[in-house]
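Undergrad: Quick one: this structure, given as structure tokens, is what I'll be asking you about.
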Amino acid sequence: FSSRELTQALLARIDRFDGDLNSFITVTAEQALATADRADADRASGNAGPLTGVPLALKDIFCTAGVKTSAGSRMLDNFISPYDATVVEKLAAAGTVSLGKTNMDEFAMGSSNENSFYGPVQNPWDSDAVPGGSSGGSAAAVAAGLVPAAMGTDTGGSIRQPAAFCGITGLKPTYGRVSRYGIIAYASSLDQAGPLARTAEDCAHLLGAIAGHDLRDSTSVARGVPDYIQELDAPLAGLRIGLPREYFGDGLDPTVASAVREAIGVFESLGATVREISLPHTHYAIPAYYVIAPAEASSNLARYDGVRFGHRCDAPEDLTDLYKRSRAEGFGEEVKRRILMGTHTLSEGFFDAYYKKAQQVRRLIRQDFLDAFDEVDVLMGPASPTPAFDLGAKKDPVSMYLQDIYTIAINLAGIPGISVPAGFAGGRPVGLQILGTHFAEARLLNVAHQFQ
Ligand code: GLN
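Counted the way our numbering counts, the sequence shown spans residues 6 to 457.
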């Protein structure tokens, strides 16, 4: 079948199911069909790669030329991006067909997609459950079969946790592996883009397309991109797996623990060896992250002032009124909370006590992982302490932050992580998280692929 036929079929599915699911903010049907036609022409003339004509969706945090790019916020509800993010450009060059922009927590702040200006997203497995966040729309769209793959970003779990909640595969690459140019910034030292798809193999194709150095992002790393597909079939005999003790302790739902342990048993049967390892600073990860990420966010979000782009209040009295009301109206509650926290910890007199201390803790957390990877090849554990929770269940922000206990340290350390489906607990999907050292994406994809 042609890419046009596939695109039409998926657009029809979006039409039929997304009214309830709410996984898309914008569907770009016309552009998609035109791109699909070009892909079909390329295929006919033998100009096709593995992704030519493959439909996908983009989290609404990727700037997309001529298309609304909202970051899930009222602040950017009227923002039509004048340019493409590097990821968007690279996916287009690979011949993929974007069907549109997916729902997300506002400015990627959240773990349930309930912080979106465009309303919550349903979990396709259970309409009472959240899809996870902040890339909840991307995960739900893939899980519901509306697209075979979607792009997300992960600052503190936002690819891996929604992938886990929706029963799909999600990869956060090493910090610097993928260009952040044109991705609306949340916390610049933590943000990284990556794929959500059904399988590790699909993620390998997508990572190969988006990875690489970019002169427009000075934190992207000038390092060759390996052939992620070629490594997928390497046997796992002799693989050394570490289980971080701290990831199996108090707070881990026993049904999640048993699903994860069962998955680890499969790796043993494939010839891997398993041993316990310690990441002693794990319990500092949430406090350190929730100092550093809001601090960077308060700085990144200072640009939304009602002057240059984004929401502007009606009839401002003067410049101060313009700033104040535009920001009061444009930002949601969680975003305001983060800006306040971040501004506080960066302010004179508090900087050393909070921000500097958090950076020191960050270094210790990173060292925990580097020490662990001297002993083992990969680490495994749950992606989240519980399966997807009910919509509206976590009203208290701290209880939401605690969701991120197994995902956040990975961003602080800058290492890659993948979540793969590992069965169900109480009818809701469970994600097994696999971690590797910096730039070990090929190994992670290989390990995940052998499991699938
Ligand atoms: N849940 C975390 C937060 O709210 C992580 C979000 C993310 O990875 N973008 O900050």
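Even glycine gets a Cβ: it sits at the ideal position worked out from N, Cα and C.
So, with DSSP's three-state summary, where would you put P60?
TA: As a working note, residue 60 is residue 55 in the sequence shown. Correct three-state label for P60: strand.
Undergrad: Rounded to a whole number of angstroms, what is the C-alpha to C-alpha distance between A97 and Y309?
TA: Taking the sequence shown and counting its residues from 1, the one referred to as residue 97 is at position 92. Taking the sequence shown and counting its residues from 1, the one referred to as residue 309 is at position 304. So the alpha carbons of these two residues sit roughly 29 angstroms apart.
Undergrad: Is it true that the CB of I420 sits closer than 9 angstroms to the CB of H443?
TA: Translated into the one-based positions of the sequence shown, residue 443 becomes position 438. Translated into the one-based positions of the sequence shown, residue 420 becomes position 415. The answer is yes: Cβ separation under 9 angstroms.
Undergrad: Beta carbon of Q455: closer than 8 angstroms to some heavy atom of the ligand GLN?
TA: Position 450 of the sequence shown holds residue 455. Q455 Cβ: outside cutoff for every heavy atom of the ligand GLN.
Undergrad: Would the stretch 406–416 and the stretch 158–171 be scored as touching if the rule is three or more Cβ pairs under 8 angstroms?
TA: Touching, yes, given that three or more Cβ pairs across the two stretches are closer than 8 angstroms.
Undergrad: Taking the beta carbon of A46 as the centre, do at least 16 other beta carbons fall within 10 Å, making it buried, or is it exposed?
TA: For the purposes of this step, residue 46 is taken as residue 41 along the sequence shown, with counting starting at 1. Its Cβ having fewer than 16 others within 10 Å, A46 is exposed.
Undergrad: How many whole angstroms separate the CB atoms of V452 and V340, which I take to be in contact at a CB cut-off of 8 angstroms?
TA: Counted from its first residue, the sequence shown places residue 452 at position 447. Counted from its first residue, the sequence shown places residue 340 at position 335. Rounded, the Cβ-Cβ distance is 36 angstroms, inconsistent with contact.
Undergrad: Is G161 near the ligand GLN - that is, is its Cβ less than 8 angstroms away from at least one heavy atom of it?
TA: Against the sequence shown, residue 161 aligns to sequence position 156. Answer for G161: yes, Cβ within range of the ligand GLN.
Undergrad: Whole angstroms is fine: what's the gap from G137's alpha carbon to F272's?
TA: As a working note, residue 137 is residue 132 in the sequence shown. As a working note, residue 272 is residue 267 in the sequence shown. Those two C-alpha atoms are separated by around 27 angstroms.
Undergrad: Among the candidates V435, G397, S121, A363, whose CA atom is the shortest distance from the CA of A134?
TA: By 1-based counting over the sequence shown, the position of residue 134 is 129. It is G397 whose Cα lies nearest to the Cα of A134.
Undergrad: Given the structure, does I413 come close to the ligand GLN, in the sense that its CB is under 8 angstroms from one of the ligand's heavy atoms?
TA: The count along the sequence shown starts at 1 and reaches residue 413 at position 408. Checking every heavy atom of the ligand GLN against the Cβ of I413, one is found closer than 8 angstroms.
Undergrad: Which first and last residues belong to the beta strand (DSSP E) in which P392 is found?
TA: Walking along the sequence shown from the start, residue 392 turns up at place 387. No beta strand (DSSP E) contains P392, which DSSP labels as neither H nor E.
Undergrad: Would DSSP call K399 helix, strand or coil?
TA: Against the sequence shown, residue 399 aligns to sequence position 394. It is coil, neither helix nor strand.
Undergrad: Assuming A214 and I423 make a contact with CB atoms under 8 angstroms, what is their CB distance in whole Å?
TA: Here residue 214 refers to the residue found at position 209 of the sequence shown. Here residue 423 refers to the residue found at position 418 of the sequence shown. That belief does not hold up - the Cβ atoms of A214 and I423 are roughly 17 angstroms apart, past 8 angstroms.
Undergrad: Tell me whether D65, by its Cβ, gets closer than 8 angstroms to a heavy atom of the ligand GLN.
TA: In the sequence shown, residue 65 corresponds to position 60, counting from 1. No, the beta carbon of D65 sits no closer than 8 angstroms to any heavy atom of the ligand GLN.
Undergrad: Going along the chain, which unbroken runs of the alpha helix (DSSP H) with 4 or more residues stay wholly within the stretch 289–333?
TA: Within the stretch 289–333, the complete alpha helix (DSSP H) runs of at least 4 residues are 290–305.
Undergrad: Which value, in whole angstroms, describes the spacing of the CA atoms of N27 and S7?
TA: Numbered from its first residue, the sequence shown carries residue 27 at position 22. Numbered from its first residue, the sequence shown carries residue 7 at position 2. Taking the straight line joining both Cα atoms gives about 27 angstroms.
Undergrad: At which residues does the beta strand (DSSP E) containing K177 begin and terminate?
TA: In the sequence shown, residue 177 corresponds to position 172, counting from 1. From DSSP, the beta strand (DSSP E) with K177 extends over 174–177.
Undergrad: Among residues of its own chain, excluding the 5 on either side of G311, which ones have a beta-carbon nearer than 8 angstroms to its beta-carbon?
TA: In the sequence shown, counting from the first residue as 1, residue 311 sits at position 306. Excluding positions up to five away in sequence, the list reads R317, C318, P321, L327, Y328, R330, S331, R332, G335.
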